[in-house]
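S.K.:
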Amino acid sequence: MSRPDSNSDARDWQFMKKTLVLRINSQEPELEKIRIAADFIKKGGLVAFPTETVYGLGADALNPKAVLALFEAKRRPVDNPPIVHVGDVKDVYRLTKKVPRKAERLMTRFWPGPLTLIFERSEIVPDVTVASLDTIGIRMPRHWVALALIRGSGCPIAAPSANLAGKPSPTSAKHVLDDLNGRIDVILDAGPTHIGVESTVLDMTVEPPQILRPGGTPYEVLKEVLGKVELNPVAVANKALPVEKARSPGVKHRHYAPNADMIVVEGEMTAVVNKINELVCFYVQVNKKVGVLATDETARCYRADVVKSLGSRSDMAIVARNLFRLLREFDLEKVDVIIAEGVSAERIGLAIMNRLRKASGYNIVMV
Ligand code: TXA
Ligand code: MG
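Take the sequence shown: its position 180, counted from the start at 1, is 190 in this note's numbering, and no numbers get skipped.
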């Protein structure tokens with residue numbers, strides 16, 4: 011058989027499969043649809059499913075071939091391990107060597123929910139699932155479809171976000187389809203996700219526990235429960251840091267990035283607005299199509315080609331929910347440059363700022 015066209019990437023040629031999209035009820039998932047998806051997982055297939063944070067791309071975490079296929083479908087570097095999703099706390103004890111007391115408290119308090127805990131991994135976990143590390147990231151998602159799929163499959167499910175590597179994470183089934191149509195078996199479509207940024211990744215193998223990636227469970231809340239929590243420098247960086255500082259393998263790869271160039275302007279709100287208008291003028295003069303990622307409080311202050319609002323600064327949960335969708339929309343409008351406002355880095359804002367800064371490749375202007 012010859013390759014479909016001479017320009018296509020040889021690695022990608024194997025992927026032309028039919029992707030089945032199943033619309034599913036988010037509160038009471040239809041059993042027959044769960045069964046279809048779970049059968050694919052059991053056979054080593056790939057199923058995209060909703061969680062409370064973003065859509066994940068799932069495979070049987072204990073089947074090395076299936077996990078390898080997962081990396082290939084996403085074009086993800088194999089040194090960046092996915093999170094393993096469980097439907098029962100008992101599974102944590104099978105997948106790990108020891109479960110610290112503090113981790114047990116966190117699981118009781120925050121699971122199911124947007125908190126991934128890093129443990130020492132047990133022998134039953136295939137190397138490919140953890141990128142040959144001796145640790146494993148585990149979480150229990152707070153979504154009926156995700157839980158039904160995991161329980162129906164009868165295995166822990168390895169699931170990175172269901173986007174092509176480097177792209178913004180998918181917050182709807184359409185985003186998954188845009189990136190992975192023809193490369194995966196099934197998409198369970200339960201509508202847009204609720205939180206919109208990924209889980210917080212917390213390393214429980216060090217003392218005090220350390221946040222490797224800020225996310226849906228705020229630092230402030232973890233601190234209340236644990237007393238002491240550290241923030242890995244990369245989690246709060248406003249510039250690219252050397253790789254050895256990055257304890258989480260994922261942070262060294264380009265992430266969340268739209269096709270357009272991106273700039274984040276941070277500082278006091280009026281100064282930010284003035285600076286962005288100055289930058290818009292500059293880019294318009296050199297014939298670039300400019301998009302501004304604003305908030306409800308400021309959107310009317312800009313005259314760029316495309317202005318989008320993340321929502322009101324008084325409701326940061328909504329800002330988080332809209333973030334990845336708007337980054338993708340700017341790409342659909344084919345803007346050359348996106349200029350984004352920084353927001354407060356408190357609570358969920360820390361995750362938002364982490365994603366904005368990374369998406370810009372740390373192209374940050376402080377005013
Ligand atoms: O909300 C989420 O966490 C979503 C949904 C689908 O659950 N998943 C997600 O997965 O964002 P992913 O693969 O896109 O990001 C996983 C992050 C990466 O930064 C990875 O490096 C880190 O978790 N990670 C996974 N295992 C790790 C380990 N053993 N040690 C340190 N970091 C780890
Ligand atoms: Mg991801």
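Virtual Cβ for every residue (Gly too), placed ideally from N, Cα, C.
For clarity, every value in this text was computed on a predicted model and none was experimentally measured.
Which one of L174, R223, I197, A200 has the shortest CA to CA distance from S209?
M.R.: Of L174, R223, I197, A200, the residue nearest in Cα terms is R223.
S.K.: Taking 8 angstroms as the cut-off, does the CB of L143 come closer than this to any heavy atom belonging to the ligand TXA?
M.R.: Answer for L143: yes, Cβ within range of the ligand TXA.
S.K.: Assuming the contact rule is C-beta atoms closer than 8 angstroms, T106 and I146 should be a hit. Round their C-beta distance to whole Å, please.
M.R.: So it is a contact: roughly 7 angstroms between Cβ atoms.
S.K.: Do you know how far the Cα of R323 is from the Cα of D346?
M.R.: Roughly 26 angstroms separates the two Cα atoms.
S.K.: Return the residue from the list S163, R33, G225, R45 that minimises the CA-CA distance to L125.
M.R.: When each option's Cα is compared against that of L125, the closest is G225.
S.K.: Going by CA-CA distance only, name the one from M150, P87, R86 that's closest to T63.
M.R.: Nearest C-alpha to T63: M150.
S.K.: Report yes if the CB atom of S171 is closer than 9 angstroms to the CB atom of G55, and no otherwise.
M.R.: Against a cut-off of 9 angstroms, the Cβ pair of G55 and S171 comes out as no contact.
S.K.: Do K368 and Y266 have their beta-carbon atoms positioned less than 9 angstroms apart in this structure?
M.R.: Yes, the Cβ-Cβ distance between Y266 and K368 is below 9 angstroms.
S.K.: Just the Cα atoms here: how many angstroms apart are V246 and L366?
M.R.: If I take the Cα positions, the gap works out to 11 angstroms.
S.K.: With a cut-off of 9 angstroms, does the C-beta of L236 fall near any C-beta of chain C?
M.R.: Absent here is chain C; the protein component of the structure consists of one chain.
S.K.: Hey, I328 and A200 are a contact pair by Cβ (cut 8 angstroms); roughly how many whole angstroms apart?
M.R.: Not really, about 19 angstroms apart at Cβ, beyond 8 angstroms.
S.K.: Since L205 and D70 should fall inside the 8 angstroms C-beta cutoff, what is the C-beta to C-beta distance between them, to a whole number of angstroms?
M.R.: Note that residue 205 corresponds to Ile in the displayed sequence, not to Leu. Actually they do not touch by this definition, with Cβ atoms about 25 angstroms apart.
S.K.: Cα-Cα, which of V207, V290, R313 is closest to T61?
M.R.: Ranking the options by Cα distance to T61, first place goes to V207.
S.K.: Leaving out five residues before and five after K299 in sequence, what residues of the same chain have Cβ atoms less than 7 angstroms from its Cβ?
M.R.: Hits under 7 angstroms: D315, K344, V345, D346.
S.K.: Given G162, which residues of its chain have a CB within under 6 angstroms of its CB, disregarding the five upstream and five downstream residues?
M.R.: The answer, listed in chain order, is I44, A48.
S.K.: At a cut-off of 8 angstroms, would you count V246 as near the ligand TXA, judging by its Cβ distance to the nearest heavy atom?
M.R.: The answer is no for V246.
S.K.: Please list, following the chain, all residues that have a C-beta closer than 6 angstroms to any non-hydrogen atom of the ligand MG.
M.R.: Taken from the N-terminal end onward, the list reads P170, S171, S179.
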